[in-house]
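Notes for the one structure printed next.
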Amino acid sequence: MERIYDMIEVSHREQQFVAVANGKAYAINECFYLILSSLKKDATLEEAVGNLEQFYNLDCNDKQNIVDSFQSFIRKISTTVSTVNNSYIKFQHTLLRSSLVVAVSRLFKVLFGVKIFWLVLVLASIVNILFFVLIDKDEISLSLLSFSLGDFLILFMLSNAFVLLHELGHSTASLRHGIQPGKIGFGFYLIFPVLFSDVTKSWLLPRRKRLVVNAGGVYFQLIVNVLLMSGYVLGANSASENYLRYLILSNTLVILYSLLPFFRNDGYWVYSDLFDIPNLIEKADNFRWKDKQGRFSLPILQFAILNWFFRGYIALKLLEYVVSFIMDLHSPYFTLQYLKSFIVSVACCYGFYKLVLSMFKLCSMNKIKEGY
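Residues in the sequence shown are numbered consecutively from 0, following numbering that gives the first Met the number 0.
Now the structure itself:
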């Protein structure tokens with residue numbers, strides 16, 4: 000029978016110690032890292048704790064406290080391992096198995112060479128920005144009435160293919176840096192359908208490489224946008240122009256949404272890694288002018304202010320919809336169609352609001368936990 004210790008992977012970089020088990024990452028202290036390293040080499044718990052005396056001066060009480068804390072940590076991990084569907088993403092369905100994800104990711108690994116990645120990322124970003132700055136706004140505007148049902152089905156499939164490519168970007172970056180990616184799947188985050196890629200083990204990477212993994216999805220979508228924009232500018236026929244306009248706009252919206260740091264999107268993890276702040280939302284929600292070491296963190300303060308402004312905006316929009324609905328109840332223009340639109344709008348606002356409030360309470364597939 001496989002021991003729980005064998006199911007835990009550990010790593011340390013720059014005085015940060017990480018344990019990964021069953022799709023979750025935990026920030027641990029040096030003591031726990033040393034104990035787990037010894038246990039994975041078939042030492043007993045008593046021997047592992049005894050080995051700590053090489054690094055620390057411990058008395059009997061210290062050893063017992065360490066043993067109690069460590070056993071509590073292992074019980075928590077054991078519960079996680081035995082729990083079915085413990086992710087915040089519900090009703091999960093696998094789209095691509097890990098073996099297939101690895102096979103496809105190998106085809107794109109070259110794009111994540113150090114020099115190639117940063118060069119292409121910068122150039123693709125510049126092209127995307129220049130396109131929207133220089134293009135005539137009326138020219139890029141889009142009327143959905145010009146599409147038939149068949150057109151919508153084709154565009155829907157293409158748009159989702161680009162989102163799938165986004166997830167492959169994370170997986171490919173992970174594989175390029177020596178971490179085998181997990182599956183790519185589909186599920187629901189609160190009321191929202193989402194695709195996800197399991198790259199939790201990227202927490203074992205150094206911060207700079209983890210940053211590349213987190214940016215990998217947007218990186219792939221920027222490249223896709225460059226190809227779409229090139230086709231549009233070089234002159235497509237009128238039929239394909241409408242397709243390209245739709246795909247450029249929808250792909251750009253997904254990129255912008257992914258970069259929002261107020262959800263556990265790519266932007267959140269990039270910001271977290273850029274400033275080396277694990278559990279960013281939790282620290283922002285419990286902001287103190289100085290931490291336990293007496294240090295002030297401007298990145299946490301900035302995020303806390305912007306995050307609360309964003310939450311307030313969502314709350315105000317929800318209130319606005321409710322007030323507007325009540326005021327229009329006696330309007331002669333009130334129709335069943337209006338009621339349906341209102342219900343959909345409120346559901347979306349409520350979902351976003353609950354999402355924002357619960358972000359720091361939910362366990363995500365790549366959440367890193369502290370406290371041990």
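Virtual Cβ for every residue (Gly too), placed ideally from N, Cα, C.
Asked: Beta-carbon proximity of Leu279 to Tyr267, cut-off 8 Å; Found: yes
Asked: Buried versus exposed, by CB contacts within 10 Å (16 or more), Tyr160; Found: The sequence given here places Ala at residue 160; Tyr does not occur at that position. The residue in question, Ala160, is exposed, as its Cβ has fewer than 16 Cβ neighbours within 10 Å.
Asked: Distance, Gln301 Cα to Gly168 Cα; Found: 29 Å
Asked: 6 Å Cβ shell around Leu120 - same chain, five flanking residues per side excluded; Found: Tyr218
Asked: Three-state class that DSSP yields for Ile128 in the structure shown; Found: helix
Asked: Exposed unless 16 or more other CB atoms sit within 10 angstroms - verdict on Lys89; Found: exposed
Asked: Helix, strand or coil at Thr82 [DSSP, three-state]; Found: Note that Thr82 has pLDDT 46, beneath the 50 cutoff, so the model's placement of it is unreliable and the number below is only indicative. Three-state result, Thr82: coil.
Asked: Alpha-carbon spacing of Lys366 relative to Met228, whole angstroms; Found: In this prediction, Lys366 has a pLDDT of 39, which is less than 50 and means its spatial position is unreliable; what the coordinates show is noted afterwards. Straight-line Cα distance between these residues: approximately 35 Å.
Asked: Inter-residue Cα distance where the pair is Phe116 and His92; Found: 31 Å
Asked: Range of the contiguous alpha helix (DSSP H) that encloses Lys208; Found: 206-232
Asked: Check whether Phe199 and Lys23 have beta carbons under 8 Å apart; Found: Checking the sequence shown, residue 199 turns out to be Thr, not Phe. Closer than 8 Å, so yes.
Asked: Any beta strand (DSSP E) of 3 or more consecutive residues that is wholly inside the region 13-88; Found: 15-20, 23-27
Asked: Nearest neighbour of Phe151, chosen from Glu319, Leu318, Tyr245, Ile222 [CA to CA]; Found: Tyr245
Asked: For Val193, the residue or residues it bridges with in DSSP; Found: Gly186
Asked: Given 8 Å, three or more beta-carbon pairs between the region 208-227 and the region 35-47; Found: no
Asked: Helix, strand or coil at Leu95 [DSSP, three-state]; Found: strand
Asked: Rounded straight-line distance, which links the Cα of Arg263 to that of Tyr270; Found: 11 Å
Asked: N- and C-terminal bounds of the alpha helix (DSSP H) containing Thr171; Found: 148-175
Asked: Collapsed DSSP secondary structure at Phe295 in the structure displayed; Found: coil
Asked: Inter-residue Cα distance where the pair is Val83 and Phe187; Found: Residue confidence is low: Val83 scores 44 on pLDDT, short of 50, so the model does not pin down where it sits. Its coordinate-derived value is still stated next. Rounded to whole angstroms, Val83 to Phe187 spans 16 Å at the Cα level.
Asked: Closer than 7 Å: Pro298 CB and nearest the ligand NAP heavy atom; Found: The ligand NAP is absent from the structure shown, which contains no ligands of any kind.
Asked: C-beta contact flag for Val17 and Tyr25 at 8 Å; Found: yes
Asked: Where Arg105 falls: helix, strand or coil (DSSP); Found: helix
Asked: Rounded Cβ spacing between Pro205 and Ser104 (contact assumed at less than 8 Å); Found: The pair is not a contact, with the Cβ atoms about 20 Å apart (cut-off 8 Å).
Asked: Check whether Ser158 and Gly216 have beta carbons under 8 Å apart; Found: no
Asked: Reference Ser124, options Leu154, Gly234, Thr251, Lys39, closest by Cα; Found: Thr251
Asked: Span of the alpha helix (DSSP H), counted from its first residue to its last, around Ile134; Found: Counting along the chain, Ile134 falls outside any alpha helix (DSSP H), and DSSP gives it neither H nor E.
Asked: Closest Cα partner of Ser71 within the set Ile27, Phe195, Asp275, Asp41; Found: Ile27
Asked: One or two residues paired with Tyr9 in a DSSP bridge; Found: The sequence shown places Val at residue 9, rather than the Tyr named in the question. Looking at the DSSP assignment, Val9 forms a beta bridge with Ala18.
Asked: 8 Å Cβ cutoff met for Asp197 and Lys208; Found: no
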